[in-house]
Structures are given as C-alpha cells and as structure tokens.
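Residue 805 in this note's numbering is what sits at position 47 of the sequence shown, and the numbering runs on without skipping anything.
Cβ coordinates follow ideal geometry from the N, Cα and C atoms, glycine included.
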Amino acid sequence: RLADTVLEELQWALDHPSVRDQQRTIVYARILGEMLHSGLVPTSLVFDELYKFINLGHEIPPALRESSEKYAAAQAEGSAAVSAVSSSSTPMPKFMAAGGDVSRAIAEDEEMDEDDDEGRGDSDEQNNTDGEEQPDEEPTRPAVVAVSKYSVFDPRVGTPFDPPNSPFRISLVCTVLETSSSALVTSGNKAKLEAFLAAFQRYLFTKDTLPTEVEFNLLDVFDVLDSGWKEKSRSSKRRQSKQESSAGFTRYPTWLEAHNTTVAIEEAQALSKERAEARLLAQAGVVSAGDASLAGTAELDELDDEMAIVSEDE
C-alpha cells in the first residue's frame, strides 16, 4: 500500500507540476529510494520511475517521426535528395541538437576556472584595442539530428509539463539515485544503470541553464555512483584487471555522444524484442523456424559492429 501511494503521488506531481508541491514530491522520491534500499520494491520498478521522470511528456509525435524517416531516406540517397526534401511542401522540421550546439558540454570545476581565466584575458585584450571594432562572426548553423525509428521518447520534444528552464525532474532523479545508490550499483544492474545514465545525460543537455546547487548535486551523485561501483569491484571475489576495477560510469562530454549511445541501446532492445516475438510465432507455428532465426539478425550484427567502434573510440 505504501508503494502504491508513493507511485501515485509521484505520478500526480508529474502530471500537475507546481512549485508549491516540489519539496513534497522530492520527499516521496526519497521514500522510493529508501524502499528500494530496504528491499520493499524491486529494482525494475525504480528504473521505470527514473525513465518516467525524464521521458513523460516528451513522446515523439507521428508527424515528426514521418519527417525524420523521409529525411533519413533522403540522406541515404544523397545531398540532392536532401535538398528536394527540404524544399518540399512538408520539409524536415528544424529539429536541432540540444541547445543548438552538438559540442555543448557541462563544465567541471577545473574547466569553469579555466574559462574564467580565459575570459579575463579576452577582456584585457579587448580593452587594449583602443576602440577598434571587431567584425561580427557568423554563428555556426546547428546540425539537424533526426529522431530514431526505434525511439519512443526524445527530450528535445517540448512539453509544458517540463520546460527547458525547469530543473525539478533532475532533482527527482538525483534524489532517487543518491538514496538508493547502494542497491542500484551492482554488477547485475550496471548495464541498466549505464543505459539510464546515458539517457539522463542526453536529457540534461536539453536544459537551458541549471541552478548552481543542482549542478553540484549532479556532480555529487555521479561521484557517489562511481565510488559505489569501485567499492563493489574491489570487494568482488572475481578477478578483474585494474582498469576494470577503477572504471566508473561514463560521463559524456557532448549531447551527440549521449544521444548516439541512447539510440544504439534502444535499437538493440527493439531488435532483441523483435527476435523474441518471432521465436514465439515460430513456436506457435505462425511462421517458419528459419524466418524466426533470421529476424533482425543483420540489423543486430550491424549494430554490434557500430557499438564496437564506439567502444574503441572511447
């Protein structure tokens, strides 16, 4: 009964966001983390809630999905086809990378200090120009990144329930992760946690600005997760290399890297589900066993190759 009450309160807060109820909702998020820590709720339920925090209201509309498919097909055919699609009556919407810059990243403390020093140097140089006017640089056009056909949610899709300047859902995620880190950070959950953190970081890059306390809270949460994984790795009885035992969770420097990782994981999950459904149909005699064994094989092999290349680059 307690779990049902907590889930209902969290759902109501997401459907009816209000500044007045934010602190009360964060308390319920902390209760959810404590319930996982005490073993009262399963890990799968907590992961479902975490994904709901960052995905609710960001469903990809059919019109955007159709335009993205046309744009992806035109890209495969060549630049001429892309120009034709752009000039058609239903052009590809200007669905840019988050923040209009695919190289945007959250600055760490050291990077913030370096930026401050560079800013002081630039201001000194500008003062020494004796009033000379500098030519205005043309802004770089942001890249168009179409949505994946396997994706159901995309944080770039706007919603009035989660505006770009609202850090409320970030605080909910941080509260649950920090409270239940000891129960979530396990060898069995590492792949699931890596997948969620990639989607969460992609969501973070869609925010315009974050309050200072939220930024520091994010850094603390990632430090807690990394410390928990290193401690679990050291206490594990299995033999591991020093590199594996010291490696924490990936922190993506750009929105595009987090987006590509999330899309690759979603594609792998969709293709695995498709193969599982094909096997069930084969067992029921609806399709032949050969067709079921070949369902999604080529796509999965191609996806494995892409993931291997990404791992080598990292």
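A residue is called buried when at least 16 other Cβ atoms come within 10 angstroms of its Cβ; K1031 does not meet this threshold and is exposed.
Around the beta carbon of V910, a 10 Å sphere encloses fewer than 16 other beta carbons of the protein chains shown; the residue is thus reported as exposed. Here DSSP, grouped into helix, strand and coil, assigns F911 to strand.
Around the beta carbon of E971, fewer than 16 other beta carbons lie within 10 angstroms, which makes this residue exposed. By the C-beta density criterion, S776 is exposed, having fewer than 16 other C-beta atoms within 10 angstroms. By the CB criterion at 8 Å, L814 and A761 fall outside the cutoff.
Inter-segment contact for the region 944-954 and the region 803-812 is present: three or more beta-carbon pairs are separated by less than 8 Å. Linking S940 to Y961 through their CA atoms gives a straight-line distance of about 24 Å. Taking C-alpha positions only, S945 is separated from A1022 by approximately 21 Å. The Cβ neighbour count for W770, taken over all protein chains shown within 10 Å, is under 16; the residue is labelled exposed.
Boundaries of the alpha helix (DSSP H) around N813: T801 to N813. Going by beta carbons, R927 and F811 fall inside the 8 Å limit. The bridge partners DSSP lists for E817 are F911. The beta carbon of A1042 lies closer than 7 Å to none in the same chain, with the five residues before and after it left out. Straight across, the Cα-Cα distance linking P922 with A832 is about 31 Å. Scanning K828, T933, G986 and R823 for the CA closest to the CA of R914 turns up R823. Boundaries of the alpha helix (DSSP H) around H795: Q780 to H795. Assignment of K948 by DSSP, reduced to helix, strand and coil, places it in the helix class.
Cβ neighbours of Y786 within its own chain (closer than 8 Å, five residues either side excluded): V764, E767, L768 and A771. In this structure, K907 sits near E827, with a CB-CB distance shorter than 8 Å. Rounded to whole angstroms, the separation of the alpha carbons of Q1027 and P969 is 35 Å. Contact check for Y1010 against A957 fails: the beta carbons are separated by 8 Å or more.
Around the beta carbon of V943, a 10 Å sphere encloses 16 or more other beta carbons of the protein chains shown; the residue is thus reported as buried.
Here G986 carries a helix assignment [DSSP, helix/strand/coil].
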